[in-house]
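Numbering of the sequence shown is given in numbering that gives the first Met the number 0, commencing with residue 0 and proceeding in unit increments.
Positions of the beta carbon are idealized from the N, C-alpha and C atoms, including for glycine.
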Amino acid sequence: MLIPCQKCSEPIECTLSGIGGIIRCPACHMLNAFLRKGPDGQLTFGNYKIIKEVGQGANAIVCKVRHVETGAIRALKLFCAEDLAETHARKEFFRESQVAVEFVHPNIVQVFESGVLDEIPYIVMEYLTGLNLAQLLNEYGCIDQFDGLTIAIYVLDALDYVWSNFLMIHRDIKPSNIILDKSGHVKVCDFGMVTGHESAAVDLDSVEGTPYYLSPECVCEDGHLDNRSDIYSLGASLYHAISGVPPFNYSTLHEVVYARVKEDPPNLRQVFPEIHPEIAAIINVMMARNPDDRYFTAQECKEDMERVKSGLSPFLHKPQT
């Protein structure tokens, strides 16, 4: 069957299941959602009526949906099956998304269910209105440094909860995964794709865009990942949010990766001279190249940020002995 891409109109050859499929266009690489209409003429996925598409990431489409029976509004994330074709990746998806259903925390987007329907992997999540931090930076360039600390404290609370209770990490903390809803709450999304702390580093060939926020160990073949990798990524996100410039702001993926592994982050006080010196010091510790030189836990980092907000000096990191 040939179906035109919804973006570039190039024909896509595909075989759809009973309810449709999520297909990547080989020409423009955009994901296309081809779903069947129900008897009432509305697009349907299982027990949900599709209201509209609200976003798209590297491997999934997000839709605003309504539950058929309860009327509850949810966010439905539909994944491209070909990205999970490899058996290990599919098993990891199921394991991690099922664990995410157990998370109950005010700063984590709630996951209600996950599974596979007619070969389409999916996650049903809390639907939020608001902006993510990346959208905020695109609009305003940067944010106030103490507002940045406040946001980071909420994120650290979420990271500490997941690591302490499930020994899991996020591995993709970045501005677009930090949501500020219209009620003023800060929530971390995409915890359904967390990974165990023994997992290997990411495959660079699969990275979409430039990995400004990945930790050095995340791009090394022998990198050991734990909660300190998320602390690094949050530090890089905070660096960008306060200064308006991402760390290692090079033009190509490989330049960024090389600098990340071989160089310390650019001095934040030179990039943004107005920054409070103790906030700069905290970010420096968060982004230390060697994980042993970073904060040992998210709670430890959070306590230092709270001290600075209260007018006290941070303890900063003391290496474990």
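Counting every other CB atom within 10 Å of its CB across the protein chains shown gives Glu12 a total below 16, marking it as exposed. Between Tyr153 and Asn226, the CB-CB gap reaches or exceeds 9 Å. Closest option to Leu15, judged by alpha-carbon separation, among Ser214, Ala32 and His28: Ala32. When secondary structure is reduced to three states using DSSP, Leu252 falls in the helix class. Beta-bridge pairing by DSSP links Pro120 to Val115. Contact between the stretch 121 to 128 and the stretch 141 to 155 is absent: fewer than 3 CB-CB pairs across the two stretches fall below 8 Å. Each of Lys308, Gly114 and Leu179 was checked against the Cα of Phe78, and the nearest Cα belongs to Gly114.
Beta-bridge analysis with DSSP links Val61 to Gly54 and Lys76. Note on geometry: alpha-carbon atoms of Asp189 and Ala99 lie some 9 Å from one another.
Exclusion of the five residues before and after Gln144 leaves Ile241, Ile274, His275 and Ile278 as the residues of its chain whose Cβ lies within less than 7 Å of its Cβ.
The alpha-carbon separation between Phe295 and Ile230 amounts to approximately 9 Å.
Nearest Cα to Val284 within the set Asn266, Phe271 and Pro272: Asn266. Met0 counts as exposed, since fewer than 16 other beta carbons sit within 10 angstroms of its beta carbon. Arg293 carries a coil assignment under DSSP once its states are collapsed to helix, strand and coil. Residue burial annotation: Phe314 is exposed, with fewer than 16 other C-beta atoms found within 10 angstroms of its C-beta.
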